[in-house]
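Please read the structure below before turning to the comments.
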Amino acid sequence: MEQITAQSYQWSVFKKMTFRFAFIFFILFILCLDWSVNPVLSYLFYEGYLAELLDGAVQWTGKNLFHIPYTIISPYDGQHNDRTYIYLLYFIMAAAAVLGTVVWSMLDRRKANYDILYYWLTTVLRYYLAFTLFLFALEKFFKVQFPDLDLYTLTQTVGDMSPMSLAWTFFGYSYGYNIFMGIAESAALLLLFRRTMTFGAILTIFTLANVMAVNYNYDVHAKMYPTALLVMTLFLLLPSIHSLFKFFFTGQPTSLPVIQAPVSKKRWVNYSKTALKILVIGCTLVFILNDYADYKNQLIASELSKAQSGLSGVYDISSFVRNQDTLSSGDPMRWQEIIIGGARERIRLQGDSIAFLNVSEDNHEILVHGDRLSLGIKEQEIYNELGLTISTYDNMDSIMVAQQAKSRLQFELTDSVTLKLKGKIKNDSVFVIAIKRPVTFKDFRLMKRDFHWINEVVYMY
């Protein structure tokens with residue numbers, strides 16, 4: 113296909129070297145780190161053996177180059193935690209980009225410029241950033257990322273919250289503020305079109321800067337991910353930096369450059385490009401909208417089922433028997449409260465100690481586990497032994513119970529307020545009686561306070 117670019121000129125050696133590195137690193141980032149953006153990459157990761165390839169490379173790098181003594185935990189789909197695995201993956205991608213840049217430079221020394229390749233790289237980045245930020249916007253619109261405050265959060269003292277939990281509570285309180293954040297992140301959709309790319313990039317930079325400010329200052333688990341997205345956005349904005357500086361600081365007339373797309377002399381090729389663009393944008397938006405709607409409906413159905421069954425609530429422990437020995441209220445092994453319902457279902461022990469639980473209404477059982485880091489390490493060890501397969505994933509709870517990383521307890525709601533549980537915690541038999549506390553959301557000052565235009569008194573304390 114014959115293509116014509118607006119103008120060809122000689123790039124400097126530094127510009128060509130920088131572009132080669134950026135091209136390799138950004139493409140690797142999208143393929144290896146963020147496979148959850150679309151079903152094609154997700155399929156490649158799980159069905160195309162990319163997961164096994166990356167796990168092998170990361171494990172080898174961690175053990176042999178950095179001599180990491182602990183278990184390296186692999187991320188799940190869509191997770192962006194700043195765990196050891198992710199930092200090692202960044203290192204591998206950067207090393208591959210450096211090596212690729214050297215080889216590419218040796219093989220392609222006479223290339224004058226990469227105008228056409230630059231266009232396609234910016235197209236990939238524009239679409240990736242637009243859809244990624246829109247995914248996060250949907251998490252705000254559907255209130256998935258920052259769910260409504262639940263009974264665990266409302267009964268937790270501020271002093272016992274982690275900085276991230278404090279931030280999530282702040283964002284989770286107001287749906288209106290979630291809509292505002294979602295609209296700000298949706299501005300990234302302007303990146304889909306070359307003529308609105310600069311404006312979209314400016315808005316996206318401010319949005320990502322705010323995300324980074326929250327994540328860095330509230331110790332949120334994902335700091336490097338929004339930083340990488342910001343770097344990508346700055347890369348898109350580079351051609352406009354000089355014009356923007358002139359516009360804002362010199363008062364001189366200027367115009368914003370628009371990235372030139374390759375143009376074919378064959379009309380059907382240009383029409384096909386337009387049709388493909390509409391198809392990609394339309395199908396992607398429909399897919400992610402449907403995916404989030406289904407996920408939100410599942411959450412609503414689960415919470416509604418617990419509420420209708422009378423299971424949701426805060427339960428005070430009236431009796432805790434372990435190996436036929438009734439533990440006193442001061443015993444550190446004794447539970448104090450069980451909170452069921454909402455995004456955070458927990459067991460409170462002494463002080464600020466907690467345990468985590470997963471409730472299965474159909475089986476009338478709960479799975480209890482303690483420290484999440486220890487649980488993650490155990491899961492990774494199981495995957496390392498049995499392989500990253502669907503069978504292992506589906507049977508993970510049973511395997512964890514068999515290896516005593518989780519405890520399975522059967523429960524019975526004998527009346528509207530009494531919850532009885534029995535089972536084993538490790539090798540100890542346990543029998544628990546808990547009484548539901550008569551508490552509702554409107555019992556908390558935070559939930560009583562509504563919006564007021566007129567405020568005669570400052571309700572700060």
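Using my numbering, the first residue of the sequence shown is number 113, and each one after it goes up by one. C-beta: ideal position from N, C-alpha, C; glycine also. Given the structure is predicted, the values throughout are model-derived calculations rather than measurements.
Whole-angstrom Cβ separation of residue i and residue j, contact assumed at under 8 Å?
i: Ile-184; j: Thr-196; result: 5 Å
i: Ala-334; j: Thr-319; result: No, Ala-334 and Thr-319 are not in contact; Cβ-Cβ is about 15 Å, not under 8 Å.
i: Met-129; j: Ser-217; result: 6 Å
i: Gly-482; j: Ile-452; result: With a Cβ gap of about 18 Å, Gly-482 and Ile-452 do not count as contacting.
For residue i, collect the residues of the same chain with a Cβ closer than 7 Å to its Cβ; drop the 5 residues on either side in sequence, then sort them by chain order.
i: Ala-300; result: Leu-241, Ala-242, Leu-245, Phe-246, Gly-312, Thr-316
i: Asp-428; result: Glu-449, Ala-546, Ile-547, Arg-549
i: Ala-134; result: Phe-347
i: Glu-164; result: Leu-500
Is it right to say residue i is buried, meaning 16 or more other beta carbons lie within 10 angstroms of its own, or is it exposed?
i: Asp-146; result: buried
i: Thr-310; result: buried
i: Met-512; result: buried
i: Thr-269; result: exposed
i: Val-170; result: buried
i: Gln-115; result: Confidence at Gln-115 is low in this model, with a pLDDT of 48, below 50, so its placement is unreliable and no value can be given for it.
i: Ala-321; result: exposed
i: Cys-144; result: buried
i: Tyr-182; result: exposed
i: Met-293; result: buried
i: Thr-362; result: exposed
i: Tyr-121; result: exposed
i: Ala-517; result: buried
i: Tyr-383; result: exposed
i: Pro-259; result: buried
i: Thr-234; result: buried
i: Val-480; result: buried
i: Thr-396; result: buried
i: Glu-568; result: exposed
i: Val-323; result: buried
Pick helix, strand or coil for residue i, following the three-state DSSP scheme.
i: Glu-477; result: strand
i: Gly-453; result: coil
i: Asn-225; result: coil
i: Glu-114; result: Legend: pLDDT at Glu-114 = 42, less than 50; position of this residue unreliable, no value from coordinates given.
i: Ser-430; result: strand
i: Asn-470; result: strand
i: Ser-421; result: helix
i: Ile-547; result: strand
i: Gly-394; result: helix
i: Arg-379; result: helix
i: Thr-112; result: Nothing in the structure corresponds to residue 112, since the chain is present only between 113 and 573.
i: Lys-335; result: coil
Using C-beta distances below 8 Å, list every residue in its chain close to residue i, excluding the 5 sequence neighbours before and after it, in chain order.
i: Leu-140; result: Met-205, Ala-208, Ala-209
i: Leu-558; result: Leu-261, Leu-266, Tyr-285
i: Asp-437; result: none
i: Ser-465; result: Pro-444
i: His-476; result: Gln-522, Phe-523, Glu-524
i: Phe-359; result: Thr-366
i: Thr-530; result: Ile-545, Ala-546, Ile-547, Lys-548
i: Met-276; result: Tyr-330, Asp-331, Val-332, His-333
i: Thr-504; result: Ile-494, Tyr-495, Leu-498, Ile-511
i: Asn-225; result: Ser-120, Tyr-121, Gln-122, Trp-123, Lys-128
Might you give, ordered along the chain, the residues of its own chain that have their beta carbon closer than 6 Å to the beta carbon of residue i, omitting 5 neighbours on each side?
i: Pro-278; result: Here residue 278 turns out to be Leu, not Pro, going by the sequence shown. Here the set comprises nothing.
i: Val-433; result: Phe-543
i: Phe-248; result: Glu-297
i: Phe-253; result: Gly-294
i: Gln-364; result: Lys-358
Going by alpha carbons, who is nearest to residue i out of the options?
i: Val-236; options: Met-344, Ala-455, Ser-274, Val-323; result: Met-344
i: Ser-519; options: Tyr-505, Ile-459, Leu-388; result: Ile-459
i: Leu-177; options: Tyr-161, Leu-200, Leu-162; result: Leu-200
i: Ser-441; options: Ser-424, Leu-461, Phe-137, Gly-453; result: Leu-461
i: Ser-414; options: Gly-168, Glu-457, Phe-253; result: Glu-457
i: Lys-223; options: Lys-127, Gly-482, Ser-424; result: Lys-127
i: Phe-283; options: Val-256, Gly-271, Ile-478; result: Val-256
i: Phe-137; options: Leu-533, Gly-212, Ser-430; result: Gly-212
i: Asp-167; options: Ile-198, Lys-378, Gly-422; result: Ile-198
i: Asp-509; options: Asn-470, Asp-527, Ser-352, Ile-400; result: Asn-470
i: Glu-251; options: Asp-406, Trp-565, Thr-386; result: Asp-406
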